[in-house]
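Heads up: the protein sequence lines correspond to chains A and B, in order.
Just so you know, we're using the working numbering here: the first sequence kicks off at 1 and counts up by one.
Just so you know, we're using the working numbering here: the second sequence kicks off at 203 and counts up by one.
Reading through the structure tokens given below for one structure.
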Amino acid sequence: MTESLLALVPTYGLPFIFGISVIAAAGVPLSSSLTLLAAGAFIASGELDVAPAFLWALAGAVIGDQIGFQIGLRAGSAIEVRLNRNPSRALKIQRSKRFIGRFGGVGVFLTRWLTPPIGPATNVVCGAGDMRWLRFTVWDFAGEAIWVGLYIGLGYTVRGNIEEVAGTLGDISWFLIAGLVTVVLGYRLLTVFRKHSQKAGK
Amino acid sequence: MKEFWKHHKLLVVGFIAACVLTSFLLISLIAGLVYWPKHRDAEMSGWMTIGYVAHSYGVEKEPLADALGVEMEIRRHLTLKSIADAEGIALPTLFEILQTAIDVERADK
């Protein structure tokens, strides 16, 4: 699977890089990171040119993210109407929206290149949370530019087994994601525990 | 404490699971980083091009193309698989030819 995917990079070049960036950013689990690393290596070996490869990959990723955002926006409003009938759920939705309003921009920016596996889900959530389109797009563009530059750059510099490189980068992302979940849960546990002991102390 | 456990079972279990998962991922990440530098030479694969192999082994591509009898200018976007198919040889045989050419190039340096 991976090999036949990689064989398409030198064969079809830029249109393939663009296509896979769109599809992967929209949430189909295809290894766009490996494709970008391969693109970087093919730039180094003289088969691709750097500027067009960067621009096509960036354009593809941004368009793919827009698809996820639009899906979230449309599906979100339909689901919200139903959930809002229940007051406690409506409150939770309001709270989530406030959260996205406060941290959404930075979140979109960081998930692009630091934790790409959860990028597509973030797009849908931001769309569903009514994040302002322009704000989403600006942060998304900045984040994707770093992601594309980072992975093409790594593919260009690292000589050797790019599948190993892709694996290690994926490991780093998943470690960061799990670490973040642990910190959030730990913080929540601490807050709840404090409240609980205060109550017990009374 | 018992009371706390009763009300927040899910949170406690979730936190412990997240801790275990994070440590596991950290260990596998470190193991990967230790393993990596020892396996830097990319194993040749059908999706690569002659230029790609030359780049990752740090040699010029022309001698490799010559070894395979390929016109570099015309066929630079061909993968090793398609070159093997076109020349009617098995992929492992093609790898061997390339490896020999690489060894010669490296010995010349």
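Every residue, glycine too, gets a C-beta built ideally from N, C-alpha and C.
None of the values given here were measured: they were computed from a predicted structure.
Item, Value
"Chain-order list of residues whose beta-carbon lies under 6 Å from that of L73(A) (same chain, five-residue window excluded)", "G127"
"Under 8 Å from the C-beta of K283(B): neighbouring residues of chain A", "A7"
"Delimiting residues of the alpha helix (DSSP H) encompassing P116(A)", "Run containing P116(A): none; DSSP gives neither H nor E here."
"Inter-residue spacing [alpha-carbon to alpha-carbon] between D140(A) and M246(B)", "36 Å"
"Near-chain A residues of the stretch 247-280 of chain B - C-beta to any C-beta below 9 Å", "S247, G248, W249, M250, T251, I252, G253, Y254, V255, A256, H257, S258, Y259, G260, K263, R278, H279, L280"
"Rounded straight-line distance, which links the Cα of I304(B) to that of E144(A)", "37 Å"
"Alpha carbon of Q66(A) to alpha carbon of A26(A), nearest angstrom", "8 Å"
"Local Cβ density within 10 Å of K263(B), reported as buried at 16 or more and exposed below that", "buried"
"Closest residue to E47(A) among E80(A), G64(A), A7(A) (Cα-Cα distance)", "A7(A)"
"Within 8 Å of chain B by C-beta, residues of the stretch 9-21 of chain A in sequence order", "V9, P10, T11, G13"
"8 Å Cβ cutoff, I244(B) in contact with chain A", "Rather than Ile, the amino acid found at residue 244(B) in this sequence is Ala. Taking Cβ atoms only, chain A reaches closer than 8 Å to A244(B), which makes this a yes."
"CA-to-CA distance, A292(B) to I299(B), given in whole angstroms", "11 Å"
"Residue environment, P15(A), which counts as buried when at least 16 other CB atoms sit within 10 Å", "exposed"
"Sheet register partners of T295(B) (DSSP bridge)", "Beta-bridge pairing links T295(B) to no other residue."
"N- and C-terminal bounds of the alpha helix (DSSP H) containing A38(A)", "32-44"
"Boundaries of the alpha helix (DSSP H) in which I139(A) is found, first to last residue", "Contrary to the premise, residue 139(A) reads as Trp rather than Ile in this sequence. Note, W139(A): alpha helix (DSSP H), 133-157."
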